[in-house]
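Protein chains in written order, with this note's numbering: chain A, 1 to 238; chain B, 239 to 476.
Using N, Cα and C, we set each Cβ at its ideal position, and we do this for glycine too.
Number of protein chains: 2
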Amino acid sequence: MENGAPAVEARRRAGRPPHPVLGPGRITKAALRLIARDGYKGLTMSALARLLNVAPSALYNHVSSKQDVLLLVEDHLMAGVDISGFEAGPWHQAVRGWAWSYRNVFARHTPLIPVIAVLPVTNAPQTVKMYEAVTAGFHAAGWPPDQIIDAIVALESFIFGSAFDVNAPAEIFNAGELAADAPLFTQAVASRASGSGSGPGGDERPVSPSDTAFGLGLEALIDGLWAQRALAPKARHP
Amino acid sequence: MENGAPAVEARRRAGRPPHPVLGPGRITKAALRLIARDGYKGLTMSALARLLNVAPSALYNHVSSKQDVLLLVEDHLMAGVDISGFEAGPWHQAVRGWAWSYRNVFARHTPLIPVIAVLPVTNAPQTVKMYEAVTAGFHAAGWPPDQIIDAIVALESFIFGSAFDVNAPAEIFNAGELAADAPLFTQAVASRASGSGSGPGGDERPVSPSDTAFGLGLEALIDGLWAQRALAPKARHP
DNA sequence: AACCAAAATGAATGTCATTCATATAGTGAG
DNA sequence: CTCACTATATGAATGACATTCATTTTGGTT
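(1) Out of A:L59, A:Y40 and A:A140, which one is the CA nearest neighbour of V87 (chain A)?
(2) Mind checking A293 (chain B): buried by the 16 CB within 10 Å criterion, or exposed?
(3) At a CB distance below 7 Å, what residues from the region 373-385 of chain B approach chain A? Give them in sequence order.
(4) So, with DSSP's three-state summary, where would you put S198 (chain A)?
(5) Grab the span of the alpha helix (DSSP H) containing D75 (chain A) for me, first residue to last.
(6) Please check if any C-beta of chain A sits within less than 8 Å of the C-beta of Y369 (chain B).
(7) Excluding five sequence neighbours on each side, which residues of the same chain lie with their C-beta closer than 6 Å to the C-beta of A213 (chain A)?
(8) Cβ of T266 (chain B) less than 8 Å from any chain A Cβ?
(9) Is there a Cβ from chain B that is less than 8 Å from the Cβ of D223 (chain A)?
(10) Below 8 Å between beta carbons: does that hold for Q364 (chain B) and A431 (chain B)?
(11) List the whole-angstrom C-beta distance separating D313 (chain B) from G335 (chain B), where the pair is believed to meet the contact cut-off of C-beta under 8 Å.
(12) Given that Q228 (chain A) touches chain B, what residues does it touch there, using C-beta distances under 8 Å?
(13) Please report the distance separating the alpha-carbon of N123 (chain A) from that of A406 (chain B).
(14) Is D150 (chain A) closer than 8 Å to L454 (chain B) when the C-beta atoms are compared?
(15) Would N174 (chain A) pass as a contact of P352 (chain B) if the rule is Cβ separation under 8 Å?
(16) Grab me the residues of G42 (chain A)'s own chain with a C-beta within less than 8 Å of its C-beta, minus the 5 sequence neighbours each way, in chain order.
(17) For my contact list, D403 (chain B) and V153 (chain A) are in at a C-beta cut-off of 8 Å; report their separation, rounded to the angstrom.
(18) Does the beta carbon of I403 (chain B) sit closer than 8 Å to a beta carbon anywhere in chain A?
(19) Are any of the Cβ atoms in chain A nearer than 8 Å to that of V311 (chain B)?
(20) Using 8 Å as the threshold, is the C-beta distance between E394 (chain B) and G137 (chain A) below it?
(21) Is H139 (chain A) helix, strand or coil by DSSP?
(22) Taking all protein chains shown into account, decide if S101 (chain A) is buried (16 or more other Cβ within 10 angstroms of its Cβ) or exposed.
(23) In the DSSP assignment, find the alpha helix (DSSP H) that holds R103 (chain A) and state where it starts and stops.
(24) Once you ignore the five residues that flank I159 (chain A) on each side, which residues in its own chain have a CB closer than 8 Å to its CB?
(25) Taking the C-alpha atoms as reference points, what is the distance between S303 (chain B) and P328 (chain B)?
(26) Please classify P421 (chain B) as buried or exposed, where buried requires at least 16 neighbouring CB atoms within 10 angstroms.
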């Protein structure tokens, strides 16, 4: 039941079917089922309509484009991002939990990232809700108000980039025939400390290389941002 | 002149036209011209063929798919990323220059990012060359070899995510009708310190919000990574 | 019972990437 | 000089796709 107000008002104007056979909610659920089964390549308007026992053109009475469908999915996923840490706990730990959760949710939905990163949050209630919770956490930690959004954007950029990295194949850094021209790089790849370290849960189990890199970068970013809190904004560069 | 060796060897095997009318080099250049003119939506195999005065199907004698074309473009762009700082200067400054340059190059080529982030570097000479230079810089700065790749991946993730942010519209954080439900967020957006700070060149001119966020995150990441250098790899999380 | 607007339909359109059978052209071998 | 070989170019065809449109169905309201 996402945003019933306009539907109610519209229903007031004239006779309507009381059972909305199709609607944002059902479309979102069907899209998620499709994505879970066949991935984003399987998410076509035809497949979506087929799953809903409806003609493809019928969907356009409820969404104006496929991008609209992606927006619905995105906003639904945002509700799955863990913001509980910002309600009470220490800032460092809240950001950690939020960032891991955020990355894990979108690692399986990377095709959404180019959409999210560029589209306004208007008409995305769950997304706004998440931003409000995160902002509140920063505020409570004494962050300078005029730096909060920039800090969130920086963290989000790292999270989105890292979500792509999760889907990288293991051999992505295999230079192949070019290895001879890149001895230091090849050596660094070979000695990469994969499998060591602790997992996102703090327990001692093997983690993927992308988990290790994300953990390293996240801790660096959290510490670095904390240290720069209240300093003048800078964007210097040689 | 991109890797003439295979072509020469192939020419040795049998009779060939001495003037390669089409080839990776020309295809790459044409693709870049198309992207510059019409953006990535204008980069179609038909348009590419038209620009080269050739039938679309002819392209498939030189590339096996459109993804191959994107790979050619990507590797070409990698040559434009500034790695000069790693040859001599201090580590902090070298990373800074590299990261700004890397982000600026791919901010205008975000459709490539999902491709880059997932595809092996094999057969991408410029890409391998860049990684080698960066690895050498980390090595020279005394970085623990088994952490170099993870640190680079973390920086790259931040860079890729930030490249998307560059293309975000100014009103991306306008909550619209939902503003009432997100007072702290709305206030933080309004007080965002945009226009202040110094530009990437260190001079005093207005910078975009994405520049500010990138500068903030990059400095935090650089400082944080430097501080964590030589510490045990960690990926902890509550 | 008639009306009206939302919603569903089926056919059609245009844009893609990609494939395939065929044709061409230049080169080394005879 | 000529034949055969091979890379490369061609044009037509295919199938997937999002989207549009004229038309019909549907069900509550009057």
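Put simply:
(1) One detail in the question is off: residue 87 (chain A) reads as Glu in this sequence, not Val. The residue with the shortest Cα to Cα distance from E87 (chain A) is A:A140.
(2) Classification for A293 (chain B): exposed.
(3) Among the residues of the region 373-385 of chain B, those with a Cβ less than 7 Å away from any Cβ of chain A are T373, A374, H377, P383, D384 and Q385, in the order of the chain.
(4) At S198 (chain A), the pLDDT of 49 sits below 50, so the modelled position is not reliable; the number obtained from the coordinates is stated separately. In the structure shown, S198 (chain A) sits in coil (DSSP, three-state: anything other than H, G, I, E or B).
(5) Counting along the chain, the alpha helix (DSSP H) containing D75 (chain A) begins and ends at K66 to M78.
(6) Chain A has a Cβ within less than 8 Å of the Cβ of Y369 (chain B).
(7) So no residue of the chain qualifies.
(8) Not one chain A Cβ lies under 8 Å of T266 (chain B).
(9) Interface criterion met: the Cβ of D223 (chain A) is under 8 Å from a Cβ in chain B.
(10) The Cβ atoms of Q364 (chain B) and A431 (chain B) lie no closer than 8 Å to each other.
(11) Actually they do not touch by this definition, with Cβ atoms about 21 Å apart.
(12) Going along chain B in sequence order, the residues near Q228 (chain A) (Cβ under 8 Å) are L454, E457, A458 and D461.
(13) Looking at the two C-alpha atoms, the distance is approximately 17 Å.
(14) In this structure, D150 (chain A) lies closer than 8 Å to L454 (chain B) by Cβ.
(15) No, the Cβ-Cβ distance between N174 (chain A) and P352 (chain B) is not below 8 Å.
(16) Cβ neighbours of G42 (chain A) within its own chain (closer than 8 Å, five residues either side excluded): L34 and I35.
(17) For a cut-off of 8 Å, the C-beta gap from D403 (chain B) to V153 (chain A) is around 6 Å, short enough to register as a contact.
(18) Reading off the sequence shown, one finds Asp at residue 403 (chain B), where the question assumed Ile. Closer than 8 Å to some Cβ of chain A, the Cβ of D403 (chain B) qualifies, so yes.
(19) With 8 Å as the cut-off, V311 (chain B) does not count as an interface residue toward chain A.
(20) Their beta carbons are not under 8 Å apart, which means E394 (chain B) does not touch G137 (chain A) by this criterion.
(21) The answer is helix: DSSP assigns H139 (chain A) an H, G or I state.
(22) In this structure S101 (chain A) is buried. Its beta-carbon is surrounded by 16 or more other beta-carbon atoms within 10 angstroms.
(23) Annotation: the continuous alpha helix (DSSP H) that includes R103 (chain A) extends over W91 to A107.
(24) Excluding positions up to five away in sequence, the list reads A99, Y102, R103 and F106.
(25) About 42 Å.
(26) Exposed, since its Cβ has fewer than 16 Cβ neighbours within 10 Å.
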